[in-house]
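A.B. asks: Right, I'll just put the structure down here and ask away after.
Written out as structure tokens, the structure reads:
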């Protein structure tokens, strides 16, 4: 069965998945890179963003958790704010995401936006589709594109929250980073009682973060 | 040096230290006993609320963390909502707290309230003083009463938050319970950057909770 999964979704102690003030230079606003420091140290990150045979980076529990990100994934759905810092109607179509000419996804990626634009074919197998749709409809299209494989919900917080609220998520991996961000966009809002639909597991890492895993009951 | 400490302070994933709708039957509102299930299983809890020689209850990491609650403590400061469910002027002075005739504290306890009332001498060494004061002034009085020992800030969330905001806390032990409460009173609000003043440590327990320890740098 094709599952819907969230991986490596980092939040602060106070539940913020991104800070305030996203811009071209600050994809996560005032959070900077503090939410993802644990990830940058992993071998998985180095291989995603460097050479495939890179043997650097840490290989402990952070890496083991990070690594499952791509296993069996056939498509991703992301919110527009994960794709870029622009708001409202596109001024032009120059922006092609934060990830350069060969994005890390290597699958179809469905970007939820009220302002659709033409599909973007990137090098390395990533195709960005732009979609004004409900979570249910976006998932239907992503599943079709995934051809039997799993669908990843890539973020940001409001996108993950919308899919959780619609009870569409089967596997949720959240990484709690021991910082208090104070402002930004929260993950847990409006999800009272979420834990009743999942088995939960928590494990800490020497890097100081706590990995939470929610698996659908 | 006399330290200011918080122990066994349980919060939900979304940061609530208590639920909504406190009443005589529900000290933690709609949270019920879900925030403290981990604690009820410990030997420390059983000894606090039962016989001193009780050898029942779990003795793993939850118990080890819970147990440090009373070591070297000479006084506690708590908010009025920890003391009881009443709001506004006292209708009478019948209410003597949730803890029965012999409360677990066994030290002077300073209850912060805009409506002071006469001191309550309880069995077993607990004395409730009622105080309309700033965190700084309350701490001054509690330190004097503690006679060189440490002072515990007992909660609830707004009281702990006020002492953290005033930078008066030296040791903070928070227990994150894997539930999403959705409403109630949050611990972390207004504390952006708190982690910069502390070394932090996280450890999970087989009970599913995560113990966070903040130690002043």
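Chains as they are written, first to last, in our numbering: chain P, -2 to 214; chain S, -2 to 214.
For glycine and all other residues, C-beta sits at the position ideal for the given N, C-alpha and C.
In this text the structure is predicted, and so the values were computed from the model without any measurement.
So residue 45 of chain S packs on residue 101 of chain S, CB below 8 Å; how close in whole Å?
C.D. replies: As a first step, residue 45 of chain S must be located in the second chain, where it is residue number 48. As a first step, residue 101 of chain S must be located in the second chain, where it is residue number 104. So it is a contact: roughly 5 Å between Cβ atoms.
A.B. asks: By the DSSP assignment, the alpha helix (DSSP H) with residue 141 of chain P in it spans what residues?
C.D. replies: Numbered from 1 along the first chain, position 144 holds the residue referred to as residue 141 of chain P. It spans 132 to 143 - the alpha helix (DSSP H) in which residue 141 of chain P sits, taken as one unbroken run.
A.B. asks: By how many angstroms is the C-alpha of residue 176 of chain S removed from the C-alpha of residue 192 of chain P?
C.D. replies: Taking the first chain and counting its residues from 1, one reaches residue 192 of chain P at position 195. Taking the second chain and counting its residues from 1, one reaches residue 176 of chain S at position 179. If you take the alpha carbons of residue 192 of chain P and residue 176 of chain S, they lie about 5 Å apart.
A.B. asks: Excluding five sequence neighbours on each side, which residues of the same chain lie with their C-beta closer than 6 Å to the C-beta of residue 12 of chain S?
C.D. replies: Along the second chain, one-based indexing puts residue 12 of chain S at 15. Cβ neighbours of residue 12 of chain S beyond the five flanking positions: 183, 184, 185.
A.B. asks: With 8 Å set as the bound, which would you pick, yes or no: does the beta-carbon of residue 39 of chain P sit closer than that to a beta-carbon of chain S?
C.D. replies: Taking the first residue of the first chain as position 1, residue 39 of chain P is located at position 42. Output row for residue 39 of chain P: interface = no.
A.B. asks: Kindly indicate if chain S contains any beta-carbon less than 8 Å away from that of residue 1 of chain P.
C.D. replies: Your numbering for residue 1 of chain P matches position 4 in the first chain. No - not a single Cβ of chain S is within 8 Å of the one on residue 1 of chain P.
A.B. asks: Within the chosen definition, does the segment 202 to 209 of chain P reach the segment 160 to 175 of chain P through at least 3 CB pairs nearer than 8 Å?
C.D. replies: With the cut-off at 8 Å, the segment 202 to 209 of chain P and the segment 160 to 175 of chain P touch.
A.B. asks: Under 7 Å Cβ-Cβ, which residues of chain P neighbour residue 11 of chain S?
C.D. replies: Residue numbering aside, residue 11 of chain S sits at position 14 when the second chain is read from its first letter. Simply 12, 185.
A.B. asks: Is it true that the CB of residue 2 of chain S sits closer than 8 Å to the CB of residue 168 of chain S?
C.D. replies: Numbered from its first residue, the second chain carries residue 168 of chain S at position 171. Numbered from its first residue, the second chain carries residue 2 of chain S at position 5. Result yes, Cβ atoms of residue 168 of chain S and residue 2 of chain S sit closer than 8 Å.
A.B. asks: Strictly below 8 Å CB to CB, what residues from chain P border residue 175 of chain S?
C.D. replies: Against the second chain, residue 175 of chain S aligns to sequence position 178. Within chain P, the residues near residue 175 of chain S are 192, 197, 199, 209.
A.B. asks: Would you kindly report the start and end of the unbroken beta strand (DSSP E) that includes residue 62 of chain P?
C.D. replies: Here residue 62 of chain P refers to the residue found at position 65 of the first chain. Premise fails: residue 62 of chain P lies in the alpha helix (DSSP H), 58 to 64, not in any beta strand (DSSP E).
A.B. asks: DSSP state of residue 213 of chain S, grouped into three classes?
C.D. replies: Stepping through the second chain from its first residue, residue 213 of chain S is reached at position 216. Strand.
A.B. asks: Please state the DSSP three-state secondary structure of residue 43 of chain S.
C.D. replies: Within the second chain, numbered from 1, the residue matching residue 43 of chain S stands at position 46. In the structure shown, residue 43 of chain S sits in a helix (DSSP, three-state: H, G or I).
A.B. asks: Between which two residues does the beta strand (DSSP E) harbouring residue 14 of chain P extend?
C.D. replies: On the first chain, residue 14 of chain P is found 17 positions in, with the first residue counted as 1. First-last of the beta strand (DSSP E) with residue 14 of chain P: 13 to 15.
A.B. asks: To the nearest angstrom, report how far apart residue 6 of chain S and residue 144 of chain P are at their CA atoms.
C.D. replies: As a position in the second chain, residue 6 of chain S is number 9, starting the count at 1. As a position in the first chain, residue 144 of chain P is number 147, starting the count at 1. Between residue 6 of chain S and residue 144 of chain P, the C-alpha separation is close to 47 Å.
A.B. asks: With H, G and I counted as helix, E and B as strand and the rest as coil, what does DSSP make of residue 28 of chain S?
C.D. replies: Here residue 28 of chain S refers to the residue found at position 31 when the second chain is read from its first residue. Residue 28 of chain S falls in the helix class under three-state DSSP.
A.B. asks: Return the chain-ordered ranges of every beta strand (DSSP E) run that is complete within the segment 78 to 132 of chain S and spans a minimum of 3 residues.
C.D. replies: Listed in chain order, the complete beta strand (DSSP E) runs (minimum 3 residues) inside the segment 78 to 132 of chain S are 105 to 109, 124 to 128.
A.B. asks: Could you tell me if the beta carbon of residue 85 of chain S falls within a distance shorter than 7 Å of some heavy atom in the ligand FMN?
C.D. replies: As far as ligands go, the structure on display features none, and thus does not contain the ligand FMN.
A.B. asks: Flag this pair as touching only if the segment 197 to 204 of chain S and the segment 22 to 33 of chain S have three or more C-beta atom pairs under 8 Å; answer yes or no.
C.D. replies: They do not touch, by the three-pair rule.
A.B. asks: Leaving out five residues before and five after residue 159 of chain P in sequence, what residues of the same chain have Cβ atoms less than 6 Å from its Cβ?
C.D. replies: Start at 1 with the first residue of the first chain, and residue 159 of chain P comes out as number 162. Contacts found: 132.
A.B. asks: Indicate whether residue 4 of chain P and residue 96 of chain P have their beta-carbon atoms separated by less than 8 Å.
C.D. replies: For this step, residue 4 of chain P is matched to residue 7 along the first chain. For this step, residue 96 of chain P is matched to residue 99 along the first chain. No. Outside cutoff.
A.B. asks: Any beta-carbon of chain P closer than 8 Å to the one on residue 141 of chain S?
C.D. replies: Within the second chain, residue 141 of chain S is the residue found at index 144, counting from 1. No, because no Cβ of chain P sits closer than 8 Å to the Cβ of residue 141 of chain S.
A.B. asks: Check for me: the alpha helix (DSSP H) holding residue 163 of chain P runs from which residue to which?
C.D. replies: Locating residue 163 of chain P in the first chain gives position 166, where the first residue counts as 1. Premise fails: residue 163 of chain P is in no alpha helix (DSSP H) and is neither H nor E.
A.B. asks: As a quick exercise: from P/89, P/73, P/84, P/138, pick the residue whose alpha carbon is nearest that of residue 103 of chain P.
C.D. replies: For the purposes of this step, residue 103 of chain P is identified with residue 106 of the first chain, where counting begins at 1. For residue 103 of chain P, the nearest C-alpha among the options comes from P/73.
A.B. asks: Would you report the Cα separation of residue 76 of chain P and residue 205 of chain S, rounded to the nearest angstrom?
C.D. replies: Looking up residue 76 of chain P in the first chain gives position 79. Looking up residue 205 of chain S in the second chain gives position 208. Near 31 Å, if we compare the C-alpha coordinates of residue 205 of chain S and residue 76 of chain P.
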